[in-house]
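Please read the structure below before turning to the comments.
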Amino acid sequence: MTRQQLKNSSKMLKKQCMGKNQVTEDLIGDIEKGKFIEDRNVMCYIACIYQMLQVVKNNKLSYEASLKQVDMMYPADIKEAAKATITKCQDVSKKYKDLCESSYWTAKCIYEDDPKNFIFP
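Per the UniProt record's numbering, the sequence shown starts with residue 1, numbered consecutively.
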């Protein structure tokens, strides 16, 4: 799958999670560019995306499921970089009991570690 195909396939997830979390494009439209607005609904939007991507197990982010999704969905040229970043950021979620907060701070860590390869709907 190319980067564009991945983005196109995630449009449905984005639409569903926007509706569930009362967020607008203004709030979440530039996450992929590193604009993380510290807002509860934005945090839960990110958690919703992760749930839809099936990287949440038992209400916690799953490192193993995240790596599996990268293997299945990411373009070959960025798979290894994405997995290395996920590995670096895997403990961030353990600092938070709340799925919304752990998802938000993990996504932010992933972006900050490798903005060039960060893909988010």
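The C-beta atom is built at its ideal place from N, Cα and C for all residues, glycine as well.
Per DSSP, the unbroken alpha helix (DSSP H) holding aspartate 77 starts and ends at 76 to 89. Distances from the CA of leucine 27 to each of Met12, Met43, Leu13, Gln16 were compared; the closest alpha carbon is that of Met43. Spanning the alpha carbons of glutamate 112 and tyrosine 104 requires a straight line of approximately 12 Å. Boundaries of the alpha helix (DSSP H) harbouring methionine 43: 40 to 52, taken from the DSSP string.
It is roughly 17 Å from the alpha-carbon of leucine 67 to the alpha-carbon of alanine 47.
With 16 or more other Cβ atoms inside 10 Å of its own Cβ, lysine 14 counts as buried.
Cβ neighbours of asparagine 8 within its own chain (closer than 7 Å, five residues either side excluded): none. The criterion of a C-beta distance shorter than 8 Å is not satisfied by threonine 2 and proline 121.
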